[in-house]
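K.L.:
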Amino acid sequence: MPNPESRRDGGQRASFGARLAEAMAARGPLCVGIDPHPGLLAAWGLEDSIQGLRTFSFTVLEAVAPLAAAIKPQVALYERHGSAGLAVLEDLLAAAVDADVLTIADAKRGDIGSTMAGYADAWLRDGSALAADSLTLSPYLGFESLRPALDLAADNGRGVFVLALTSNPEGASVQHVGGNESVAKRIVQAAAQENQRYAQAALGSVGLVVGATVGSALKDLNIDLAALHGPILAPGLGAQGATGADMQATFGAAYPAVLGTSSRGILAAGPDLAALRAATTESLAGLK
């Protein structure tokens, strides 16, 4: 893994895609979501408070950092606590650097012009308190509206994951429109085009979010993920029902680039560190 200090101080770093490919090869293709839902806090015996948020977040990091290629804090669940919650997230992102685990800020940002540039500056600029290794983005104001984030990520050795094909029932009403020339397919093609700038890296730094439970949608929409040359973040492993075997069948030739994501399936094992690590190890075994 690259020197974590280079991620903090703006020093020279390899591209995000190259670093993620290295982490996946070394540890396995697993991302652990850090989702401090009120119900999970209660199940852990924690209050729905800043202290509960901090204890939950840092316990998960301690448990999974040696095992997972990446962690994915759900930004909304920190925002709901206001500025103090975002301060916990800032501390978590900094601690992940020290723990040498990659971070995906699950913020799903998407806007136009200077507003999109502001989001990019917050999450992808070296020196920002919220800087993560990568950021989830929503392209539904047009893929090119993401340009400030795409370019800043490239300049700083960071990455993005663009929502392409999600498994929530409402998603199909937008993403599937167009059939063989669907909205989702055009997003995939645009991301593949963007990854041409990373042709020399093991993976490009423009990834996609594709639900692990999309079933036959990739085939039905004639979408070729193998041509992406970028990582595929696949939420839905574990509690949402997807298994490693399901994902291999769904993603086919693109499976080596898939980063399976489990949140509740692992987090439900807490707060015991050993139990969290056992659940993480079990999830990893199912992906290999």
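Counted the way my numbering counts, the sequence shown spans residues 751 to 1038. Don't be surprised by glycine CBs; every beta carbon is placed ideally from N, CA and C. All values reported here derive from a predicted model rather than from experimental measurement.
Just how far apart, CA to CA, sit Q998 and G1010?
P.N.:
Walking along the sequence shown from the start, residue 998 turns up at place 248. Walking along the sequence shown from the start, residue 1010 turns up at place 260. Each residue's alpha carbon lies about 11 Å from the other.
K.L.:
Residue range of the beta strand (DSSP E) that V927 falls in?
P.N.:
Working through the sequence shown from its first residue, we reach residue 927 at position 177. Neither: V927 is in no beta strand (DSSP E) and is coded neither H nor E.
K.L.:
Thinking C-alpha only, which one of D848, G907 and I784 is nearest Q762?
P.N.:
Walking along the sequence shown from the start, residue 762 turns up at place 12. Ranking D848, G907 and I784 by Cα distance to Q762 puts G907 first.
K.L.:
Out of Q801, Y890 and D905, state which residue places its alpha-carbon closest to the alpha-carbon of R859.
P.N.:
Stepping through the sequence shown from its first residue, residue 859 is reached at position 109. Residue Y890 is the option with its Cα nearest to R859.
K.L.:
Spatial neighbours of V933 within its chain, please: C-beta separation below 7 Å, excluding the five flanking residues on both sides.
P.N.:
The residue you call residue 933 lines up with position 183 of the sequence shown. If we look at V933 and ignore the five residues flanking it on each side, its Cβ neighbours are V924, Q925 and V927.
K.L.:
Of the choices A819, G863 and A967, whose alpha-carbon is the least far from that of S1012?
P.N.:
The residue given as residue 1012 occupies position 262 in the sequence shown. For the residues A819, G863 and A967, the minimum Cα distance to S1012 belongs to A819.
K.L.:
Please state the DSSP three-state secondary structure of P786.
P.N.:
In the sequence shown, counting from the first residue as 1, residue 786 sits at position 36. P786 falls in the coil class under three-state DSSP.
K.L.:
Once you ignore the five residues that flank L971 on each side, which residues in its own chain have a CB closer than 8 Å to its CB?
P.N.:
Here residue 971 refers to the residue found at position 221 when the sequence shown is read from its first residue. So the qualifying residues of the chain are L915, H926, G929, N930, S932, A934 and K935.
K.L.:
How is V810 classed by DSSP in three states: helix, strand or coil?
P.N.:
Stepping through the sequence shown from its first residue, residue 810 is reached at position 60. Here V810 sits in helix by DSSP.
K.L.:
Let's see if you can read the secondary structure: which residues bound the beta strand (DSSP E) around V960?
P.N.:
In the sequence shown, residue 960 corresponds to position 210, counting from 1. The continuous beta strand (DSSP E) containing V960 extends over residues V956 to V960.
K.L.:
What's the call for K822, buried or exposed, on a 16-neighbour Cβ count within 10 Å?
P.N.:
Taking the first residue of the sequence shown as position 1, residue 822 is located at position 72. So K822 counts as buried.
K.L.:
Taking its Cβ as the centre, do 16 or more other Cβ atoms sit within 10 Å of R830, making it buried, or is it exposed?
P.N.:
Taking the first residue of the sequence shown as position 1, residue 830 is located at position 80. By the neighbour-count definition (other C-beta atoms within 10 Å, threshold 16), R830 is an exposed residue.
K.L.:
Ignoring anything shorter than 3 residues, give me the beta strand (DSSP E) runs that lie fully in the region 789-852, in order along the chain.
P.N.:
Qualifying beta strand (DSSP E) stretches, in chain order: 820-823.
K.L.:
Curious, which full-length beta strand (DSSP E) runs of at least 3 residues does the region 969-1029 contain?
P.N.:
982-985 and 1008-1012
K.L.:
Report buried or exposed for L1026, applying the criterion of at least 16 other Cβ atoms within 10 angstroms of its Cβ.
P.N.:
As a position in the sequence shown, residue 1026 is number 276, starting the count at 1. Classified as buried, L1026 has 16 or more neighbouring CB atoms from the shown chains inside 10 Å of its CB.
K.L.:
Starting from T865, trace the alpha helix (DSSP H) both ways and give me its first and last residue.
P.N.:
For the purposes of this step, residue 865 is taken as the residue at position 115 of the sequence shown. In the DSSP annotation of this structure, the continuous segment of the alpha helix (DSSP H) that includes T865 starts and ends at G863 to L874.
K.L.:
Please say whether A992 and T963 have beta carbons closer to each other than 9 Å?
P.N.:
On the sequence shown, position 213 is the one that residue 963 refers to. On the sequence shown, position 242 is the one that residue 992 refers to. Taking 9 Å as the Cβ cut-off, T963 and A992 qualify as a contacting pair.
K.L.:
Do D785 and R1014 have their C-beta atoms closer together than 9 Å?
P.N.:
Translated into the one-based positions of the sequence shown, residue 785 becomes position 35. Translated into the one-based positions of the sequence shown, residue 1014 becomes position 264. Yes.
K.L.:
Check whether the Cβ atoms of G957 and P985 sit closer than 9 Å, and answer yes or no.
P.N.:
Start at 1 with the first residue of the sequence shown, and residue 957 comes out as number 207. Start at 1 with the first residue of the sequence shown, and residue 985 comes out as number 235. Taking 9 Å as the Cβ cut-off, G957 and P985 do not qualify as a contacting pair.
K.L.:
Per DSSP, which one or two residues make a beta bridge with S884?
P.N.:
Within the sequence shown, numbered from 1, the residue matching residue 884 stands at position 134. DSSP lists I854 and G909 as partners of S884.
K.L.:
I need the boundaries of the alpha helix (DSSP H) containing R936, first residue and last residue.
P.N.:
Along the sequence shown, one-based indexing puts residue 936 at 186. DSSP places R936 inside the alpha helix (DSSP H), whose first and last residues are V933 to E944.
K.L.:
Just checking my contact of T809 with G1020 at CB under 8 Å: how many whole Å lie between their CB atoms?
P.N.:
As a first step, residue 809 is located in the sequence shown; it is residue number 59 there, counting from the start. As a first step, residue 1020 is located in the sequence shown; it is residue number 270 there, counting from the start. Correct: roughly 6 Å between the Cβ atoms.
K.L.:
Do three or more CB pairs link the region 895-904 to the region 939-958 at distances below 8 Å?
P.N.:
They touch, by the three-pair rule.
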